[in-house]
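S.K.: Numbering (this note's numbering), first residue to last: 1 to 180.
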Amino acid sequence: MNKSMLIGGVLGAAVAIAGGGIAGYKMLEEPKYAEVVAVTPVTERIETPREECHQEQVTRRKPAKDQHQVVGTVLGAVAGGLLGDALGGGGSNKGAKIAGAAAGGYAGNKTQEKMQQGATYTTTETVCKTVTDVSERTVGFDVDYRIGDKAGRVRMDHDPGDVIPLRDGQLVLASAPAVQ
1 MNKSMLIGGV LGAAVAIAGG GIAGYKMLEE PKYAEVVAVT PVTERIETPR EECHQEQVTR
61 RKPAKDQHQV VGTVLGAVAG GLLGDALGGG GSNKGAKIAG AAAGGYAGNK TQEKMQQGAT
121 YTTTETVCKT VTDVSERTVG FDVDYRIGDK AGRVRMDHDP GDVIPLRDGQ LVLASAPAVQ
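1. I need the straight-line Cα distance from Lys-150 to Val-143, nearest angstrom please.
2. Can you give me the Cβ contacts of Ala-119 inside the same chain, cut-off strictly under 6 Å, excluding the 5 residues immediately before and after it?
3. Decide yes or no for the touch test of the segment 28-45 against the segment 129-137: beta carbon pairs closer than 8 Å, at least 3 of them.
4. Provide the residue span of the beta strand (DSSP E) that contains Lys-129, from first to last.
5. Please return the same chain residues whose Cβ sits closer than 8 Å to the Cβ of Ile-17, not counting the five positions on each side in sequence.
6. For Gln-180, count the other beta carbons within 10 Å of its own beta carbon; 16 or more makes it buried, fewer makes it exposed. Which is it?
7. Any idea which residues DSSP pairs Glu-44 with across the strands?
8. Starting from the C-beta of Pro-31, find all residues in its chain whose C-beta is less than 7 Å away, skip the five residues before and the five after it, and write them out in chain order.
9. So for Gly-152, helix, strand or coil by DSSP?
10. Report the three-state DSSP secondary structure of Val-172 (helix, strand or coil).
11. For a test of the three-state rule: what should DSSP assign to Tyr-52, helix, strand or coil?
12. Please classify Ala-178: is it buried, with 16 or more other beta-carbons within 10 angstroms of its beta-carbon, or exposed?
13. Drop a sphere of 10 angstroms on the beta-carbon of Asn-181, count the other beta-carbons inside from all chains shown, and report buried for 16 or more, exposed for fewer.
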């Protein structure tokens with residue numbers, strides 16, 4: 001065998017072994033996890049409208065059967081006319097009859113009006129209003145981490161706990177598969 005070839009082979013083997021040793025040392029030195037410094041939940045506000053109804057007692061005025069109080073006016077006028085006739089001495093004293101009828105008609109009208117205003121009924125009505133239910137939903141987590149002396153922040157879909165795994169110096173952000 002040639003001496004040069006032997007030296008070349010030995011040097012090549014030495015370089016390969018040294019390169020493997022350096023690579024192995026780097027793998028041992030490279031961190032496997034990022035330290036989690038803080039985790040802040042990120043939430044969104046959800047507003048859901050809904051209708052809320054309840055029964056309520058309501059008092060209403062009865063509709064007037066005689067809106068113009070004709071019956072009260074006529075009865076008051078007749079009574080006032082008779083009273084005017086009696087006070088006027090009867091007979092041909094038309095002024096007393098007319099004044100009594102006018103005053104009686106007015107009084108009868110107002111009396112019937114007050115009676116109609118006081119006529120009420122009570123009923124139950126359904127009263128509804130829209131109310132809004134508010135809730136919050138977590139949409140992710142802002143995670144502050146540190147790899148050695150380098151700090152960073154990332155948003156994740158889950159709370160990673162105390163550490164985030166690293167692969168080839170990069171964060172592994174995927175959720176861990178569910179254990180069944």
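Every residue gets a Cβ at the ideal spot worked out from N, C-alpha and C, and that includes glycine.
M.R.: With the structure as the only source:
1. Their Cα atoms are separated by approximately 14 Å.
2. Lys-62.
3. Short answer: they touch.
4. For Lys-129, the uninterrupted beta strand (DSSP E) segment begins and ends at 120-147.
5. The beta carbon of Ile-17 sits closer than 8 Å to no other beta carbon from its chain once the five residues preceding and following it are set aside.
6. Residue placement at Gln-180 cannot be trusted, given a pLDDT of 41 that sits under 50; the coordinates are not used to answer.
7. Glu-44 is bridged by DSSP to Arg-137.
8. Answer for Pro-31: Ile-147, Gly-148 and Leu-166, listed in chain order.
9. Look at Gly-152 here: in three-state DSSP terms it is strand.
10. It is coil, neither helix nor strand.
11. Going by the sequence as given, residue 52 is Glu instead of Tyr. Residue state, collapsed to three classes: strand.
12. Low confidence applies to Ala-178: its pLDDT is 44, below 50, so where it sits in the model is not reliable, and the reading given next is rough at best. Answer is exposed; the Cβ neighbour count stays below 16.
13. Outside the shown range of the chain, which is 1 to 180, sits residue 181, and nothing can be said about it.
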